[in-house]
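Peer 1: My structure is below; once you've seen it, I'll send some questions.
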Amino acid sequence: MSKNLVIVESPAKAKTIKKFLGTNYEVLASNGHVRDLPKSQLGIDINNDFEPKYITIRGKGDLLAKLRKEVKKADKVYLATDPDREGEAISWHLYHTLKLEDKISSRITFNEITKNAVKTSIKQAREIDMDLVNAQQARRILDRMVGYTISPLLWDKVKRGLSAGRVQSVALRIICDREDEINAFVPEEYWNLEAEFTIKGKKKPLVAKFNGYKSTKTVIRNEAEMNEILQKLDNAKFMIKEVKKSERIRKQPLPFTTSTLQQEAAKSLNFSTQKTMQLAQQLYEGIDIKGHGTVGLITYLRTDSIRISDEADKSAKEYVKDNYGAEFVALEENLKRTGKKIQDAHEAIRPTYIEYTPAEIKDSLSRDQYRLYQLIWKRFLASRMQPAKYETTTIKIEGNEYRFSTSTSKLIFEGFMSVYNPGDEDEENAVGFEDLKEGDTLPLSKLSKSQHFTQPPAHYTEASLVKTLEELGIGRPSTYSPTITTIIVRRYVAKENKNLYVTELGEAVNNIMKCAFPSIVDVNFTANLESLLDFIEDGSVNWRTVIRNFYPDLDEAVKNAHVELDKIQIEDEVTEELCDLCGRNMVIKYGPHGKFLACPGFPDCKNTKPYLEKIGVSCPVCGGDVVVRKTKKGRRYYGCSNNPDCEFMTWQKPSDKPCDKCGGVLLEKGNKLVCSNEKCGNVINVQNN
């Protein structure tokens, strides 16, 4: 019997696949890439038509020796790395590193780790797709050129340890541009007017909003305009001019792509993009499910396709029919195509087996794995269901030719919302106003005026930044998470309460990039480069041509910047904490483990202290400041700055508001405030921002 070797990236994936194949298959993992450009140099031969110089990654020697040993034993080798450019490149590097030229070898791909998908892929084995490999090579070389030529410039002009990147620098610019918009924003005053009408036999009044004069929509810009309108409405008689009933539908959601999964996980679960991708990788590669062994629970997690296989579509619709009823099954797919290229060889992110409901496998998953899997499972099932239906009632009211209106709605058919409700629908119940009709007069109870000011654009969150990057065509599904993680780790951007704020360091780097390398941080230029990578993947553009056209301009810009740019001094943030040794105000520095306090008199004074980050809450025990602390293992908790004299601590972030029932400490748990006193049990819902 022939001996076959299957090589995948991760041990978890190897374990899952192993159970689908017979004893004549050995499944081993490469643990990701085995070759890469060297870290110590550019690694690209500029004078030899940009030939990359690949070397074996340090630490992979023993692993490669083991793989070569197994290759010698095998009659055939299957390269089963991920089904994207990166995976294709890893297979190509394995092919050369393991010297498979004289061996029978094939490339296999599968979008889900199931028995059927794996066995089908072996029957459909193919050659390595060099167009995919070259697209990845081009991306890697472009990123290396930008990073290794511009980063030394930042070290020289700003400080060591900084980095520039082809995509990360554009992401930083997008955040900086939003910060500039916010800083330049001038609020404009406007007023709202609401009328409350008494409805006979009803306790609840009818509330309508001011629209304008006759058929013209009017914006009330100041109090004088408001008072003029109120004067004309004095003693006015109000009559219903129109009652319009209609039905509207709320379409079922599309199944998840990488981008929409990251956005929804951030919004619903408060996960960072990095955490979402880590958990999704675990679910894709396989989880040990009680009674079933290791199971790959979701399809491939890096995709911008919304396509679903016929088999998965049929399975989901049958599940809906059996568990909810035939009337809940979608009649046609709710597909929305965009003009941009999508990796339609992939599917959307969905459960591999719809019958593995979140409730049934909950005990086999960690809490966060369960929450993400439940989100994916519900979203996919909802995408195969009918839209939700609402009955809406719009009422237009007139007094002295000034118009007010109100619109109410009630859900008349749940459809997909019986499974999945994103929670962004403002629903009102129209019950109680069905009897109103045109010509009815309404007794005015009161008019309520309120002053408002227009708000600046919101700061970016990880979710909204991912959405913007996708809309602009910058990066691809595999790049969103590492891009955002990099700019946060480099401290160009600070993340506070979900929002992303530019630091002084980030502003300095962005200003250098805009001044010296305008094309690198130009949104359109970067999006066009992404399109060129897609053309390389299609085989319609030579990858070296793209590099040849890109490098000369970059090289000239770097040389000019070294000469023309002035050095930038980033000042350390001064605190009120005094140095115990010399009395100077200590400054915040950054080390391998985060922030710490240091004396600015270094090297004469080498005093340092831990930096205790205040959260703006007073200790409920002694009145000191509550600060963020960490255990020896790095787990975060909240404690008093007067520790050890005060022993107050909590794992959850305390609120600055006391419990309104017992006066105890309220703790933030998701979108709720929960009293720390279990006997009290007070729970307060907090509106999400």
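So the number in my numbering is just where the residue sits in the sequence shown, counting from 1, plus 50.
Where is the CB? At the ideal position from N, CA and C, for every residue including glycine.
(1) Grab me the residues of Lys390's own chain with a C-beta within less than 7 Å of its C-beta, minus the 5 sequence neighbours each way, in chain order.
(2) Can you have a look at Met180 and say buried or exposed, based on whether 16 or more other CB atoms are within 10 angstroms of its CB?
(3) Can you check whether the CB of Glu151 is closer than 8 Å to the CB of Val183?
(4) How is His7 classed by DSSP in three states: helix, strand or coil?
(5) Just the Cα atoms here: how many angstroms apart are Thr108 and Thr147?
(6) Applying the criterion that 16 or more other CB atoms from any shown protein chain within 10 Å of the CB defines a buried residue, is Val469 buried or exposed?
(7) Can you give me the Cβ contacts of Ser668 inside the same chain, cut-off strictly under 8 Å, excluding the 5 residues immediately before and after it?
(8) If you draw a straight line from the alpha carbon of Gly666 to that of Gln312, how long is it in whole angstroms?
(9) Within the same chain, show all residues whose beta-carbon is closer than 7 Å to that of Met699, passing over the 5 residues directly before and after it, in chain order.
(10) Looking at the secondary structure, which residues open and close the alpha helix (DSSP H) in which Lys165 lies?
(11) Among Ile356, Val671 and Gly713, which one has its Cα closest to the Cα of Pro694?
(12) Please return the same chain residues whose Cβ sits closer than 6 Å to the Cβ of Ile447, not counting the five positions on each side in sequence.
(13) Excluding the 5 residues flanking Lys207 on each side, which residues of the same chain have their C-beta closer than 7 Å to its C-beta?
(14) Can you name the start and end residues of the beta strand (DSSP E) that Trp241 belongs to?
(15) For Tyr810, write down the residues that DSSP places opposite it in a beta bridge.
(16) Taking the alpha-carbon positions, what's the Thr388 to Pro506 distance?
(17) Can you tell me where the alpha helix (DSSP H) holding Lys301 begins and where it ends?
(18) For His143, which of helix, strand or coil comes out of DSSP?
(19) At which residue ranges does the region 535-602 contain complete alpha helix (DSSP H) runs of 4 or more residues, listed in the order of the chain?
(20) In chain order, which continuous runs of the beta strand (DSSP E) of length 3 or greater are located wholly inside the region 337-412?
(21) Can you tell me whether Trp427 is buried or exposed, with buried defined as 16 or more other CB within 10 angstroms of its CB?
(22) Should the region 346-355 be called in touch with the region 298-312, which here means at least 3 C-beta pairs below 8 Å?
(23) Can the beta-carbon of Ala130 be found closer than 8 Å to that of Ile57?
(24) Excluding the 5 residues flanking Lys386 on each side, which residues of the same chain have their C-beta closer than 8 Å to its C-beta?
(25) In or out: Leu204 buried (at least 16 other Cβ within 10 Å) or exposed?
(26) Please report how far the alpha carbon of Phe160 lies from the alpha carbon of Asp132, in whole angstroms.
(27) Using DSSP's beta-bridge definition, name the partner residues of Gly689.
(28) Excluding the five sequence neighbours on either side, which residues of its own chain have a C-beta within less than 6 Å of the C-beta of Val596, listed in chain order?
(29) Counting along the chain, where does the alpha helix (DSSP H) carrying Tyr420 start and finish?
(30) For the region 495-511 and the region 240-247, state whether three or more C-beta atom pairs, one from each stretch, are separated by less than 8 Å.
(31) With 16 other CB atoms within 10 Å as the buried threshold, where does Trp142 fall?
(32) Count the other CB atoms within 10 Å of the CB of Asn701; is the residue buried (16 or more) or exposed (fewer)?
(33) By how many angstroms is the C-alpha of Pro88 removed from the C-alpha of Val613?
(34) Just to confirm, is the Cβ distance from Met636 to Glu623 under 8 Å?
(35) Please name the residue, chosen from Arg429, Leu256 and Glu397, that lies closest to Pro408 on a Cα-to-Cα basis.
(36) Going by C-alpha distance, which of Asp654, Lys659 and Pro602 is nearest Asp99?
Peer 2: Reading it off the structure:
(1) Here residue 390 is taken as the residue at index 340 of the sequence shown, counted from 1. At Lys390 the pLDDT is 44, less than 50, meaning the model places this residue with poor confidence and gives no usable figure here.
(2) Numbered from 1 along the sequence shown, position 130 holds the residue referred to as residue 180. So Met180 ends up on the exposed side.
(3) Reading the sequence shown from its first residue, position 133 is the one you call residue 183. Reading the sequence shown from its first residue, position 101 is the one you call residue 151. Pairing Val183 with Glu151 gives a Cβ-Cβ distance that is not under 8 Å.
(4) The requested residue 7 is not part of the displayed model; the chain covers only 51 to 739.
(5) The residue given as residue 108 occupies position 58 in the sequence shown. The residue given as residue 147 occupies position 97 in the sequence shown. Checking the displayed sequence, the identity of residue 108 turns out to be Arg instead of Thr. Computed Cα separation, rounded: 14 Å.
(6) Against the sequence shown, residue 469 aligns to sequence position 419. Buried.
(7) The residue labelled residue 668 in the question sits at position 618 within the sequence shown. Spatial neighbours of Ser668 in its own chain (CB-CB distance under 8 Å, excluding positions within 5 residues in sequence) are listed in chain order as Gly674, Asp675, Val676 and Asp706.
(8) Along the sequence shown, one-based indexing puts residue 666 at 616. Along the sequence shown, one-based indexing puts residue 312 at 262. So the two alpha carbons sit approximately 30 Å from each other.
(9) To locate residue 699, count along the sequence shown from 1; it is residue 649. Once the five neighbours on either side are set aside, the close Cβ partners of Met699 are Tyr687, Tyr688 and Gly689.
(10) Residue mapping note: residue 165 aligns to position 115 of the sequence shown, counting from 1. Run containing Lys165: Lys165 to Lys173, per the alpha helix (DSSP H) assignment.
(11) Numbered from its first residue, the sequence shown carries residue 694 at position 644. Considering only alpha carbons, the answer is Val671.
(12) Taking the sequence shown and counting its residues from 1, the one referred to as residue 447 is at position 397. Same-chain partners within the cutoff: Ala258, Phe288, Ile290 and Phe454.
(13) Mapped onto the sequence shown, residue 207 falls at position 157. Scanning its chain for C-beta atoms nearer than 7 Å, with the 5 sequence neighbours on each side dropped, one finds around Lys207 the residues Ile562, Leu615, Lys617 and Ile618, in chain order.
(14) Position 191 of the sequence shown, counted from the start, is the residue given in the question as residue 241. Element bounds for Trp241: Glu239 to Phe247.
(15) No statement about residue 810 is possible, as the shown extent of the chain runs from 51 to 739 and does not include it.
(16) For the purposes of this step, residue 388 is taken as residue 338 along the sequence shown, with counting starting at 1. For the purposes of this step, residue 506 is taken as residue 456 along the sequence shown, with counting starting at 1. Only weak support is given to the placement of Thr388: the predicted model assigns it a pLDDT of 42, under 50, and the value that follows is read from those uncertain coordinates. Going from the Cα of Thr388 to the Cα of Pro506 covers about 29 Å.
(17) On the sequence shown, position 251 is the one that residue 301 refers to. Looking at the DSSP string, Lys301 is not in any alpha helix (DSSP H), and its letter there is neither H nor E.
(18) In the sequence shown, counting from the first residue as 1, residue 143 sits at position 93. Helix at His143.
(19) For secondary structure counted as the alpha helix (DSSP H) over 4 or more consecutive residues, the region 535-602 holds these complete runs in sequence order: 554-566 and 573-588.
(20) DSSP runs (the beta strand (DSSP E)) wholly in the region 337-412: 337-339 and 343-345.
(21) As a position in the sequence shown, residue 427 is number 377, starting the count at 1. Burial call: buried.
(22) Segment contact: the region 346-355 against the region 298-312, three or more CB-CB distances shorter than 8 Å; contact assigned.
(23) By 1-based counting over the sequence shown, the position of residue 130 is 80. By 1-based counting over the sequence shown, the position of residue 57 is 7. The Cβ atoms of Ala130 and Ile57 lie closer than 8 Å to each other.
(24) Taking the sequence shown and counting its residues from 1, the one referred to as residue 386 is at position 336. Confidence at Lys386 is low in this model, with a pLDDT of 47, below 50, so the placement of that residue should be treated as unreliable; the coordinate-derived value is given next. Excluding sequence neighbours, Lys386 sits near Leu304 and Ile356.
(25) The residue given as residue 204 occupies position 154 in the sequence shown. It is buried - the Cβ of Leu204 has at least 16 other Cβ atoms within 10 Å.
(26) On the sequence shown, residue 160 is found 110 positions in, with the first residue counted as 1. On the sequence shown, residue 132 is found 82 positions in, with the first residue counted as 1. Computed Cα separation, rounded: 8 Å.
(27) Translated into the one-based positions of the sequence shown, residue 689 becomes position 639. DSSP lists Val677 and Met699 as the bridge partner or partners of Gly689.
(28) For this step, residue 596 is matched to residue 546 along the sequence shown. These residues qualify, in order along the chain: Ala188 and Leu582.
(29) Start at 1 with the first residue of the sequence shown, and residue 420 comes out as number 370. Counting along the chain, the alpha helix (DSSP H) containing Tyr420 begins and ends at Arg417 to Ser433.
(30) Counting Cβ pairs under 8 Å, three or more are found: they touch.
(31) Reading the sequence shown from its first residue, position 92 is the one you call residue 142. The Cβ neighbour count for Trp142, taken over all protein chains shown within 10 Å, is at least 16; the residue is labelled buried.
(32) To locate residue 701, count along the sequence shown from 1; it is residue 651. The residue you asked about is not Asn; residue 701 is Trp in the sequence shown. In summary, Trp701 is exposed, with fewer than 16 beta-carbon neighbours lying within 10 Å of its beta-carbon over all protein chains present.
(33) Along the sequence shown, one-based indexing puts residue 613 at 563. Along the sequence shown, one-based indexing puts residue 88 at 38. One alpha carbon belongs to Val613, the other to Pro88, and they sit about 28 Å apart.
(34) Looking up residue 636 in the sequence shown gives position 586. Looking up residue 623 in the sequence shown gives position 573. Contact flag unset, no.
(35) Numbered from its first residue, the sequence shown carries residue 408 at position 358. Checked all of Arg429, Leu256 and Glu397; the closest Cα to Pro408 is Arg429.
(36) Position 49 of the sequence shown, counted from the first residue, corresponds to residue 99. Per the Cα distances, Pro602.
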